[in-house]
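Okay, so here's the structure we're looking at.
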Amino acid sequence: MYNPEELVFNIETKSNIEISYGIEDVPRPWWKTAYFALQITLVDFTPFIWASLFVSLAGLDGTSVLPTMISASFLCMGFCTLLQATIGNRLPIVQGPSSALAASMGSAASVYGLPAIWGAVIIGGLVEGFLGLSRIMSKIRKFLPPVVIGSVVTSIGFVAARIAIQWTLSNQTPKFLILALIAFILALILKFKCKGILSQGFILITVIVVGVFGGTVTGAFNWDAVAAAPWFSMPKLFPFTGLEGQPGAMIEFLPLAFIGVFAGFIGSMFESVGDYAATCSACNEKFQVKHIDRGIMAEGFGCAATAFFGGLPCTSYTQNIGIISATGVCSRIVTMVAAVFFLLYSVCPKLAYILSGIPRSVIGSVFLITAATIMFSGIDTIVSDERTLKNTVIAGSTLSIAVMLPYHCASTFSEWASGLPSFINMLVTSPTFLSVVVGIVLNLLLNHMLKNKEEQES
298 MYNPEELVFN IETKSNIEIS YGIEDVPRPW WKTAYFALQI TLVDFTPFIW
348 ASLFVSLAGL DGTSVLPTMI SASFLCMGFC TLLQATIGNR LPIVQGPSSA
398 LAASMGSAAS VYGLPAIWGA VIIGGLVEGF LGLSRIMSKI RKFLPPVVIG
448 SVVTSIGFVA ARIAIQWTLS NQTPKFLILA LIAFILALIL KFKCKGILSQ
498 GFILITVIVV GVFGGTVTGA FNWDAVAAAP WFSMPKLFPF TGLEGQPGAM
548 IEFLPLAFIG VFAGFIGSMF ESVGDYAATC SACNEKFQVK HIDRGIMAEG
598 FGCAATAFFG GLPCTSYTQN IGIISATGVC SRIVTMVAAV FFLLYSVCPK
648 LAYILSGIPR SVIGSVFLIT AATIMFSGID TIVSDERTLK NTVIAGSTLS
698 IAVMLPYHCA STFSEWASGL PSFINMLVTS PTFLSVVVGI VLNLLLNHML
748 KNKEEQES
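Numbering (the working numbering), first residue to last: 298 to 755.
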């Protein structure tokens, strides 16, 4: 009989993260909730990045498409995050544009056009949603012991660290690097020398002081885009209908377009399972089968809804796990308020562009601290499992493949990787996907198949 409260694994795991507010807690007074929610939005606003990637891959005119898609993606972030926090797995999960889906959609859009992409997203989202309802995804829980989950969480920490370094070094001019160094030092001082709201809100304080004020003084803050952005803009259904160079239909359903896009859905589902595990670990919450089933259900149906507004499909965000790990604020109420901020950004582009004007180097240097906490949260989970040679091989091999294969596919073997089919390319370049798949396969091989064989021989 199905038990939604059943644990994904039965071994108790402990994290060294100090929890300030639990999942159901509401920070008091009200301004603390708003404060922590605003802090989340400072890191989780990558519609600017992934919308730009999609437009580039699809061969679209950025000046006419990008502003509308960014606003639509903020709208979808708010809606999907609220959906996840209320009727989904009810964890402090922020839903945002997926890099895997943005890439697969962009490649398919260049061939089949935007109407076919929206049709593919609707069908793909519905398929994912019904997979969650069918409880198929949670059936893999027997293959997810702490050594596998810990390896996934640790690999997510490496992904977060890579993002942080990329942001920190996105502009190598001296003023940006100096701002990054100042931000890193100030963040450490606030986090470890201060108490209360100063420690819990070290990300927001650092970004405002160094990113906004310091960036303005040094000329690193981009106020031009803020000045040019409108104050108010209402979302529209199928906003790209009739776009020059695109088919005239609002939506089309083409099997080949669906196949190309669904590759991204497959990757994002496995990544999300890893993110749910990492979130539970960061919040000292027991990882239960309902978190997988309800999470995938809400994510899928949310993705299907994004197509109607011209936004990118939204999946779980690794960045928010880092914020939870660094601040100890696990409240899903805070996440829901952050979702409301995302909705405000969608109708007030000027607010969104204020965030985008903050130097990437400042945000990256602060985010590096949160990445470190994710990594060691995963290591804590690994060592909580039985200490055997087989588990050592599982963890070591999983991390080696998940971290180094995408790195070499992007550098040493980039020419080879770019020549692979888009689906295979997505698999070998996604650390989270690789860590889930490799961890499950090695655990199945070493702790199940070979164990059973050894038992039979003995």
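Glycine included, each C-beta is placed from N, C-alpha and C at the ideal position. Model, not experiment: these values are computed from the prediction.
Chain-order list of residues whose beta-carbon lies under 8 Å from that of G508 (same chain, five-residue window excluded): L476, A480, F518, I655, P656, V659 and I660
Rounded to whole angstroms, what is the Cα-Cα separation between P610 and F499? 30 Å
Check whether the segment 558 to 576 and the segment 603 to 621 are in contact - that is, three or more C-beta pairs closer than 8 Å. yes
Nearest CA to the CA of G693: which residue from N581, T709 and G675? G675
T726 by DSSP, collapsed to three states: which one? coil
Does the Cβ-Cβ distance between M402 and F351 come in under 7 Å? yes
If you measure between the beta carbons of T632 and A382, is that distance less than 7 Å? yes
Check whether the segment 635 to 654 touches the segment 413 to 431, taking contact to mean three or more Cβ pairs, one atom from each stretch, closer than 8 Å. no
Helix, strand or coil at L609 according to DSSP, with G and I counted as helix: coil
Could you check whether the segment 624 to 638 touches the segment 515 to 535, counting it as contact only if at least three pairs of C-beta atoms, one from each stretch, sit closer than 8 Å? no
Rounded straight-line distance, which links the Cα of I460 to that of F710: 20 Å
Test item: CB-CB of S431 and P646 under 7 Å: no
Supposed close pair A554, A413 - CB separation, criterion 8 Å: 4 Å
Do the segment 463 to 472 and the segment 733 to 745 touch if we need at least three Cβ pairs shorter than 8 Å? no
Could you name each continuous alpha helix (DSSP H) segment of 4 residues or more that falls completely within the segment 427 to 472, going from the start of the chain to the end? 443 to 465
Which residue wins for smallest C-alpha separation from A484, given the options S467, G493 and T503? T503
What's the gap between the Cα of F673 and the Cα of P443? 14 Å
Would you kindly work out how many angstroms separate the C-alpha atoms of C580 and F639, rounded to a whole number? 23 Å
From the DSSP secondary-structure annotation, give me the bridge partner or partners of Q336. According to DSSP, which records beta bridges pairwise, Q336 is partnered with nothing at all.
Given this structure, state the Cα-to-Cα distance separating I486 from L380, to the nearest angstrom. 36 Å
Can you name, in chain order, every residue of its own chain whose Cβ lies under 8 Å from the Cβ of F489, other than the five neighbours on each side? S496
Using only alpha-carbon positions, find the residue among L696, H745 and L747 that is nearest to S727. L696
Whole angstroms are fine: how far does the CA of S681 sit from the CA of I563? 29 Å
Return the first residue and the last residue of the beta strand (DSSP E) that P394 is part of. Q392 to P394
Any idea which residues DSSP pairs V626 with across the strands? Y318
Can you give the beta carbon distance from S317 to T670, rounded, assuming they're within the 8 Å contact cut? Rounded, the Cβ-Cβ distance is 13 Å, inconsistent with contact.
What does the Cβ neighbour count give for T729, buried or exposed, with the cut at 16 atoms within 10 Å? buried
L304 by DSSP, collapsed to three states: which one? strand
Give the straight-line distance between the Cα atoms of H705 and I453, rounded to the nearest whole angstrom. 17 Å
Which of helix, strand or coil does DSSP assign to Q616? helix
CA-CA distance, P471 and T515? 11 Å
Cβ-Cβ distance between I320 and C627 below 7 Å: yes
Count the other CB atoms within 10 Å of the CB of T513; is the residue buried (16 or more) or exposed (fewer)? exposed
Where the alpha helix (DSSP H) containing R684 begins and where it ends: Where R684 is concerned, there is no enclosing alpha helix (DSSP H), given that its DSSP letter is neither H nor E.
Are the segment 531 to 540 and the segment 681 to 691 touching, with three or more C-beta to C-beta distances below 8 Å? no
Among L441, S643, P301 and G393, whose alpha-carbon lies nearest the alpha-carbon of H745? L441
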